[in-house]
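Visitor: My numbering runs 2 ahead of the 1-based position in the sequence shown. This is the structure, below, for whatever I ask next.
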Amino acid sequence: MPDAQQAISRLGNLSYVSPSVESPWGTYLAQVDRVVPYLGELARWAETLRRPKRALIVDVPIALDNGEIAHFEGYRVQHSLSRGPGKGGVRYHPSVTMEEVMALAAWMTVKNAAVNLPFGGAKGGIRLDPKALSSRELERVTRRYTSEIGFIIGPQQDIPAPDVNTNAQIMAWMMDTYSKNVGVTTTGVVTGKPVSLGGSLGRVKATGRGVFVTGRDAMHRLKIPMPGARIAIQGFGNVGANAAELFSMAGAKIVAVQDHGGSLFNARGLNVRALAAHVLQHGSVAGFPEADELGQEEFWTVEAEVVIPAALEGQINEVRAKLLNAQLVLEAANGPTTPAADDILAARNIAVLPDVICNAGGVIVSYFEWVQDFSSFFWSEDEINLRLDKIITGALDHIWATSTRQRVSLRTGAFVVACERILEARNQRGLYP
Ligand code: NAD
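Encoded structure:
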């Protein structure tokens with residue numbers, strides 16, 4: 003692919019990244035290349051999109067429960083701070099790399115601008131397997147990591163949140179550690195906290211809710227009826243399970259689910275609540291009795307109206323894009339579709355609702371949490387959901403209209419809307435000195 007190749011040549015400009023077309027950073031760069039022709043005069047600033055503003059690597063040493071010392075590698079990347087403080091989650095996963103965190107931070111910049119939040123983009127991660135650590139060890143890792151990145155985060159600088167394998171408890175430890183270090187309880191330094199510590203009602207379910215609200219809107223525009231719509235979901239964690247529940251309540255059928263442990267199929271529709279209870283008990287969807295087992299690749303061939311990748315990046319590649327048997331892909335995960343797969347899906351007339359709008363519900367409610375913490379005035383869950391629905395459907399409307407006007411994919415349309423805002427801010431602020 004010529005533009006992916008172009009992206010790789012640009013990757014060569016950063017000495018700390020090793021190039022690969024299918025990698026998350028390669029995917030992001032190819033997406034940037036596709037938007038540049040639509041940016042007019044602002045394209046002069048496009049190179050700022052291809053470089054993180056700041057990337058920090060930290061050593062995270064802890065004493066394990068058995069007394070041994072273990073070292074973990076941690077990252078915090080602030081891709082852009084042009085429109086406000088950095089904002090983005092922290093991921094704990096054995097395969098986390100600097101390059102992956104750079105891409106996730108960049109997608110946060112685009113997402114925050116696509117829905118017009120007053121934030122830049124950031125992301126963090128620690129390379130570890132959380133299942134191999136005890137709760138006490140996870141607490142020590144979290145506290146040490148927070149201390150190590152402490153000088154670049156803060157409620158006005160950069161505000162972490164949960165992502166894959168991190169949750170409200172981890173945010174509580176981060177908030178406590180930061181607060182101890184600065185000497186003031188600072189609830190606004192992270193979002194996704196427990197409600198008892200300044201967290202927001204509705205935050206836990208917000209990303210899944212956003213996937214449902216934008217997905218319902220997209221289905222309506224594409225004339226896919228909700229009642230009886232067949233849906234296949236990869237990833238049954240926070241985002242996948244909450245989205246599944248809302249689609250199921252609206253009358254759709256969740257016919258297939260895949261997670262790290264296995265894949266399931268039930269033509270009549272899975273009982274989402276029973277499946278969630280099974281995952282809570284067994285740690286995976288594998289072994290759920292009311293379904294047939296599917297092969298890992300077979301999952302991508304299931305006949306459905308909608309496919310929702312809600313796990314990790316790069317899951318819909320060239321091979322799987324040719325197999326998909328659906329009309330619409332809702333990108334609940336970040337970066338689940340490679341640029342080559344995007345082209346195949348477009349040629350096959352399969353619509354893709356891009357991550358930067360589809361999964362923006364989480365960061366929108368994180369924004370509400372940050373605002374509530376500053377004012378120490380908390381809103382009801384109904385108020386939060388109403389405001390969430392209004393912002394996300396308004397943003398989708400704007401993106402859809404832009405894509406139609408420019409005759410580009412929804413992804414490029416979302417990037418046009420977002421990158422104009424990011425680069426306009428960059429242009430207005432100018433360079434210092
Ligand atoms: P989670 O840890 O709660 O769940 C992750 C799910 O993915 C689990 O079901 C896990 O089994 C599955 N999974 C992991 N590896 C897999 C593999 N190789 N094959 C199949 N399934 C696999 O994480 P989450 O918070 O639900 O996040 C899921 C995605 O949504 C990520 O891409 C994340 O960046 C994105 N996202 C999350 C939020 C949020 O608020 N949590 C917000 C925006 C985007």
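Quick reminder that beta carbons are idealized off the backbone N, C-alpha and C, glycines included. Remember, predicted model here, so these are calculated numbers, not experimental data.
Provide the residue span of the beta strand (DSSP E) that contains His-400, from first to last.
Guide: What you label residue 400 is simply residue 398 of the sequence shown in a count that begins at 1. Not the beta strand (DSSP E): His-400 falls in the alpha helix (DSSP H), residues 383 to 408.
Visitor: Quick check on the burial criterion: 16 or more other C-beta atoms within 10 angstroms. Buried or exposed for Ser-450?
Guide: The displayed coordinates of the chain run from 3 to 435. Any statement about residue 450 would go beyond what the structure contains.
Visitor: Considering Cα atoms alone, identify which of Asn-361, Ile-366, Leu-326 and Arg-350 is closest to Gly-337.
Guide: Residue numbering aside, residue 337 sits at position 335 when the sequence shown is read from its first letter. With distances taken between Cα atoms, Gly-337 lies closest to Asn-361.
Visitor: Could you tell me which of Thr-216, Gly-126, Asn-118 and Phe-74 sits nearest to Arg-93, measuring between CA atoms?
Guide: Along the sequence shown, one-based indexing puts residue 93 at 91. Ranking Thr-216, Gly-126, Asn-118 and Phe-74 by Cα distance to Arg-93 puts Gly-126 first.
Visitor: Let me check one thing: in DSSP terms, what residues is Arg-93 bridge-paired to?
Guide: Residue 93 sits at position 91 when you count from the first residue of the sequence shown. Gly-127, per the DSSP bridge assignment.
Visitor: Quick check on DSSP: helix, strand or coil for Arg-145?
Guide: By one-based count along the sequence shown, residue 145 stands at place 143. Correct three-state label for Arg-145: helix.
Visitor: With DSSP as the reference, label Leu-16 as helix, strand or coil.
Guide: Here residue 16 corresponds to residue number 14 of the sequence shown, with the count starting at 1. Of the three classes helix, strand and coil, the one that applies to Leu-16 here is coil, per DSSP.
Visitor: Going along the chain, which residues put their C-beta within less than 6 Å of some heavy atom in the ligand NAD?
Guide: Pro-164, Asp-165, Val-166, Asn-167, Thr-209, Gln-236, Gly-237, Phe-238, Gly-239, Asn-240, Val-241, Gly-242, Gln-260, Asp-261, His-262, Ala-312, Ala-313, Leu-314, Ala-334, Ala-335, Asn-336, Asn-361 and Gly-364
Visitor: Return the chain-ordered ranges of every beta strand (DSSP E) run that is complete within the region 331 to 372 and spans a minimum of 3 residues.
Guide: Counting only runs of at least 3 residues, the region 331 to 372 fully encloses the following beta strand (DSSP E) elements, listed from N- to C-terminal order: 353 to 355.
Visitor: Check the C-beta distance from Arg-223 over to Trp-402 and give it rounded, since I have them as a contact under 8 Å.
Guide: Counting from 1 along the sequence shown, the entry for residue 223 is found at position 221. Counting from 1 along the sequence shown, the entry for residue 402 is found at position 400. Going by Cβ atoms, the distance from Arg-223 to Trp-402 rounds to 7 Å, so yes, they are a contact pair.
Visitor: Just the Cα atoms here: how many angstroms apart are Gln-260 and Gln-236?
Guide: Stepping through the sequence shown from its first residue, residue 260 is reached at position 258. Stepping through the sequence shown from its first residue, residue 236 is reached at position 234. Approximately 5 Å, taken between the alpha carbons.
Visitor: Identify, in the order they occur along the chain, each residue of the same chain with its Cβ nearer than 7 Å to the Cβ of Ile-64, setting aside the five sequence neighbours on each side.
Guide: As a working mapping, residue 64 is identified with position 62 in the sequence shown. The residues are Ala-72, Glu-139, Arg-142, Val-143 and Arg-146.
Visitor: With C-beta atoms as the reference, is Leu-314 less than 9 Å away from Leu-330?
Guide: Numbered from 1 along the sequence shown, position 312 holds the residue referred to as residue 314. Numbered from 1 along the sequence shown, position 328 holds the residue referred to as residue 330. It is not a contact, given that the beta carbons lie outside the stated cut-off.
Visitor: With contact counted as at least three CB pairs below 8 Å, one residue from each stretch, are the region 314 to 328 and the region 20 to 33 in contact?
Guide: Contact between the region 314 to 328 and the region 20 to 33 is present, because at least three Cβ pairs lie under 8 Å.
Visitor: Which residues bound the beta strand (DSSP E) around Asp-31?
Guide: Locating residue 31 in the sequence shown gives position 29, counting from the first residue. Note on identity: in this sequence residue 31 is Leu, with Asp being the wrong assignment. Here Leu-31 belongs to no beta strand (DSSP E); instead the alpha helix (DSSP H) covers 26 to 37.
Visitor: Can you name the start and end residues of the beta strand (DSSP E) that Lys-324 belongs to?
Guide: Counted from its first residue, the sequence shown places residue 324 at position 322. Lys-324 -> not in any beta strand (DSSP E); alpha helix (DSSP H) instead, spanning 320 to 325.
Visitor: Are the beta-carbon atoms belonging to Gly-364 and Ala-170 less than 9 Å from one another?
Guide: For the purposes of this step, residue 364 is taken as the residue at position 362 of the sequence shown. For the purposes of this step, residue 170 is taken as the residue at position 168 of the sequence shown. Against a cut-off of 9 Å, the Cβ pair of Ala-170 and Gly-364 comes out as no contact.
Visitor: With a Cβ-Cβ cutoff of 9 Å, do Val-191 and Pro-157 count as a contact?
Guide: As a first step, residue 191 must be located in the sequence shown, where it is residue number 189. As a first step, residue 157 must be located in the sequence shown, where it is residue number 155. Yes.
Visitor: Check whether the Cβ atoms of Lys-255 and Ile-233 lie closer than 9 Å to each other.
Guide: Numbered from its first residue, the sequence shown carries residue 255 at position 253. Numbered from its first residue, the sequence shown carries residue 233 at position 231. Yes, these two residues count as a Cβ contact at 9 Å.
Visitor: Taking Ile-359 as the reference, give the member of Ile-352, Gly-200, Gly-396 and Glu-383 with the closest Cα.
Guide: Along the sequence shown, read from residue 1 onward, the residue named residue 359 stands at position 357. Minimum Cα distance to Ile-359 is reached at Gly-396.
Visitor: Return helix, strand or coil for Ile-226, following the three-state DSSP convention.
Guide: For the purposes of this step, residue 226 is identified with residue 224 of the sequence shown, where counting begins at 1. DSSP places Ile-226 in the coil class of the three-state scheme, outside both helix and strand.
Visitor: Going by beta carbon distance, what residues of the same chain come within less than 7 Å of Val-309, once the five residues before and after it are set aside?
Guide: Here residue 309 refers to the residue found at position 307 when the sequence shown is read from its first residue. Excluding residues within five positions, the ones whose Cβ falls inside 7 Å are Ala-234, Leu-326, Ala-328 and Val-331.
Visitor: Hey, is the region 32 to 41 in contact with the region 420 to 431, meaning 3+ C-beta pairs nearer than 8 Å?
Guide: yes
Visitor: Take Asn-429 and list the residues in its own chain whose beta-carbon comes closer than 7 Å to its own, dropping the five residues that flank it on each side.
Guide: Here residue 429 refers to the residue found at position 427 when the sequence shown is read from its first residue. Contacts found: Leu-44 and Trp-47.
Visitor: CB-CB under 6 Å to Ser-181, same chain, minus the five flanking residues each way: which ones, in chain order?
Guide: For the purposes of this step, residue 181 is identified with residue 179 of the sequence shown, where counting begins at 1. Shown here for Ser-181: same chain residues with a beta carbon closer than 6 Å to its own, the five before and five after excluded, namely Thr-187 and Thr-188 in chain order.
Visitor: Output needed for Leu-425: all residues of its chain with C-beta closer than 6 Å, excluding positions within five of it in sequence on either side, in chain order.
Guide: In the sequence shown, counting from the first residue as 1, residue 425 sits at position 423. Closer than 6 Å at Cβ, skipping near neighbours: Leu-44 and Trp-47.
Visitor: Between the beta-carbon of Ile-1 and the beta-carbon of Val-117, is there less than 9 Å?
Guide: Residue 1 falls outside the range modelled here, since the chain spans only 3 to 435, and no answer is possible.
Visitor: Residue ranges of each alpha helix (DSSP H) run of no fewer than 4 residues wholly in the region 60 to 126, ordered along the chain?
Guide: 100 to 116
Visitor: Could you check if Phe-376 is buried or exposed, using at least 16 other CB atoms within 10 Å of its CB as the buried criterion?
Guide: Here residue 376 refers to the residue found at position 374 of the sequence shown. It counts as exposed.
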